[in-house]
Amino acid sequence: MNGPHTVIPFGGWTISREGVPQAPPDGYTMECRICKKDSGLRFDSEGACDWAATHVDQNPTHTAFHEALGRYWRAIRK
Ligand SMILES: [Zn+2]
C-alpha cells in the first residue's frame, strides 16, 4: 500500500501524495454491487458504512458492496 511519502519518478515527473495542509481530505465511497448506487463521497469510512447499512435495510437482497478510497496526488516536473 502506498503511503503519504510514496514517490514514483517517471519521464521527468514525480507523482506523490499531496501533503499540503489545504489538500482535500481522503474520501470514501461505498457502492452497492447489485444496483450500483453509491454513498457519494464521505470523509470517514464509518459514514460510508452507515450508508451501506441503510441501503441494505431498505433493499434486503443488496448485500454486496465495494468500498473505494479516494486520495489526492500531485505531479511535479523535476
Ligand atoms: Zn443496491
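Just so we're aligned: 32 in the numbering used here is position 17 of the sequence shown, and the numbers increase by one with no gaps anywhere. Built from N, CA and C at the ideal position, the CB exists for glycine as well. Just so you know, these numbers come straight off a predicted model, no measurement behind them.
Proximity test, Cys50 beta-carbon vs ligand 1 heavy atom, cut-off 7 Å: Answer for Cys50: yes, Cβ within range of ligand 1.
Heavy atom of ligand 1 within 7 Å of Cys64 beta-carbon: No; taking the cut-off as 7 Å, the Cβ of Cys64 has no heavy atom of ligand 1 nearer than that.
Span of the alpha helix (DSSP H), counted from its first residue to its last, around Thr69: In the DSSP assignment, Thr69 falls within the alpha helix (DSSP H) that extends over 60–73.
Secondary structure of Ile49, DSSP reduced to three states: Secondary structure at Ile49: coil, using DSSP grouped into helix, strand and coil.
6 Å CB neighbourhood of Ile91 in its chain, flanking five on each side removed: Closer than 6 Å at Cβ, skipping near neighbours: Thr29.
Same chain, Cβ closer than 7 Å to Trp88, neighbours up to 5 away in sequence not counted: In its chain, beyond the 5 residues on either side, Ile30, Ser31, Arg32, Glu33 have a beta carbon closer than 7 Å to the beta carbon of Trp88.
Pairwise C-alpha distance: Glu46 and Pro77: It is His, not Pro, that sits at residue 77 in the sequence shown. The alpha-carbon of His77 is positioned some 11 Å away from that of Glu46.
Three-state class that DSSP yields for His81 in the structure shown: Strand, per DSSP.
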